[in-house]
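Those sequence lines, one after another, are chains A and B. Just add 269 to the spot in the first sequence (first one is 1) and you have our numbering. Just add 419 to the spot in the second sequence (first one is 1) and you have our numbering. Just so it is clear, CB atoms sit at the ideal spot from N, CA and C, and this is done for glycine as well. A quick note: this is a predicted structure, and the numbers were derived from the prediction, not measured. A short worksheet on the structure shown next.
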Amino acid sequence: MINHQTQLKLQAYLDGELPPGEARAIGELLACEAEAQPLLEELKATRALLVGNELELKLPETREFYWSKIQRQVEREEQREPAVDAPAPAPPWWIRFLAPAGALAVLAVLVLIALRSPERSQPLLASDDSHEIETPLEETSSFSFRSEAAAMTVVWVDSHRE
Amino acid sequence: MSRKLDYPSAEDEVLVRAAQKGDMRAFEELVARHRDKIYARAFSMMRNTEEAIDLSQEAWVKAWQRLNQFQGTASFVTWMTRIVINLCLDQLRKLKRLRAESIEQLDEDLGGVERQMPVVTPNPTERLERSELRLRIDKALGQLSYEHRTVLILHEFEDLEYKEIAKRMGCSIGTVMSRLFYARRKMAVLLAGLKRDGLR
């Protein structure tokens with residue numbers, strides 16, 4: 270009895286799936302192995318019977334009904350993913366013109382201001398312009414009054430300056 | 420341009436090009452032309468009318484969304500059939516109707532029934548009307564497991580090579596060969612009118 274691997278090779282031979290060397294070997298086997306030829310004939314006859322004899326079925330729904338369901342589904346899918354493939358709509362021409370023009374105008378104004386008032390273009394933390402706010406705590410005193418009834422606090426600050 | 424198109428008489432390629440530009444009417448015509456074939460392929464794999472209708476519809480929706488990917492290297496109906504086959508395979512996997520390869524391998528290790536079956540000769544010249552023969556073939560296909568039927572359909576009806584079937588089914592070429600061998604041998608028995616107890 271031919272083994273399973275040989276049976277499968279016999280089938281592959283029939284289907285034209287064997288490389289030339291193996292196909293030759295199977296050809297020789299068919300000449301000398303008594304079981305091989307009837308099996309090949311059975312496989313061949315079955316294949317011949319099936320090919321071109323598939324049952325032709327009709328869809329059990331009317332054209333309109335079937336299409337309406339497909340159409341609805343297509344519309345639903347397109348609403349769910351509106352801009353997957355579609356590019357974003359282009360802005361109107363006046364926005365496309367005004368956007369760079371506006372940016373250039375702002376830039377020009379900034380440059381003009383910088384050129385006309387050089388002192389303002391100094392760094393904000395330059396040592397010459399720095400100022401400190403001092404709070405002479407020694408010269409101040411404070412009194413605070415809290416009224417629970419009125420729910421308010423009054424703080425009186427006195428700087429002692431004449 | 421689409422207004423001048425005579426949809427019922429236009430060729431598929433013309434309708435596809437129009438549909439690619441967004442012409443829904445052209446796409447409707449393609450659906451009307453090929454809906455039976457796409458449904459029939461879904462039914463042959465699922466063996467259930469409702470599932471076949473749903474999956475065939477889903478295939479058409481997917482086709483509309485991916486229409487720009489259709490390059491025309493194969494015919495439109497071939498492209499559509501591939502879409503519905505992939506959807507059916509996904510669904511069969513989801514429903515666990517396609518067994519894992521390890522279980523298939525277990526069958527092989529235990530010794531497949533197909534190896535012991537005597538050789539039979541299905542007789543195509545049985546003086547059957549073609550429609551009757553087709554009914555008998557369909558009935559026999561219905562008696563195969565999902566795995567065996569799927570391999571047979573993809574090979575005999577869709578003319579796919581072992582490698583392509585293995586890729587689509589997510590199994591090895593060896594498993595494809597084994598399943599195809601079993602499926603053919605069982606079909607031979609069923610079509611020869613033999614009833615064998617103990618065969619799956």
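- Nearest in C-alpha terms to B/A438, of all of B/F489, B/F600, B/R512, B/C507, is B/F489.
- With contact defined as three or more Cβ pairs closer than 8 Å, the region 299-317 of chain A and the region 437-452 of chain B are not in contact.
- Near chain A, meaning a CB-to-CB distance below 9 Å, the residues of the region 468-485 of chain B are T468, A471, I472, S475, Q476, E477, W479, V480, W483, Q484.
- Contact annotation: B/M499 and B/A482 have beta-carbon atoms nearer than 9 Å.
- For A/V424, the three-state secondary structure derived from DSSP is strand.
- Contact between the region 605-612 of chain B and the region 584-597 of chain B is absent, with fewer than three C-beta pairs closer than 8 Å.
- For B/A445, the CB contacts under 6 Å within the same chain, skipping 5 residues up- and downstream, are L434, A437, A438 in chain order.
- For the pair of segments examined, the region 271-280 of chain A was found not to touch the region 552-571 of chain B: the number of CB pairs separated by less than 8 Å stays below three.
- Taking a 10 Å sphere around the C-beta of B/W479, we find 16 or more other C-beta atoms and assign the residue as buried.
- Under the 9 Å criterion on CB atoms, B/E580 is classed as interfacial with respect to chain A.
- Classified as buried, A/N322 has 16 or more neighbouring CB atoms from the shown chains inside 10 Å of its CB.
- For chain A, the residues of the region 456-467 of chain B that bring a beta carbon within less than 8 Å of one of its beta carbons are Y458, A459, F462, S463, in chain order.
- Around the beta carbon of A/Q348, fewer than 16 other beta carbons sit within 10 angstroms, so the residue counts as exposed.
- Against chain B, the CB of A/A281 has a partner CB under 9 Å away; the residue lies at that interface.
- Residues of chain A whose Cβ lies closer than 8 Å to the Cβ of B/M499 do not exist, since the nearest Cβ in that chain is about 12 Å away.
- Per DSSP, the beta-bridge partners of A/F414 are A/V423.
- Residue environment: A/A377 is assigned as exposed (fewer than 16 neighbouring CB atoms within 10 Å of its CB, all protein chains considered).
- Below the 8 Å Cβ cutoff, chain B contributes I556, L571, E575, F576, M606 as neighbours of A/L319, in chain order.
- Uninterrupted alpha helix (DSSP H) stretches at least 4 residues long and entirely within the region 424-503 of chain B occur at 431-439, 443-465, 468-484, given in chain order.
- Residue contact check for B/S564 against chain A: no CB pair falls below 9 Å.
- Nearest C-alpha to A/E325 among B/I457, B/Q484, B/E470, B/T497: B/I457.
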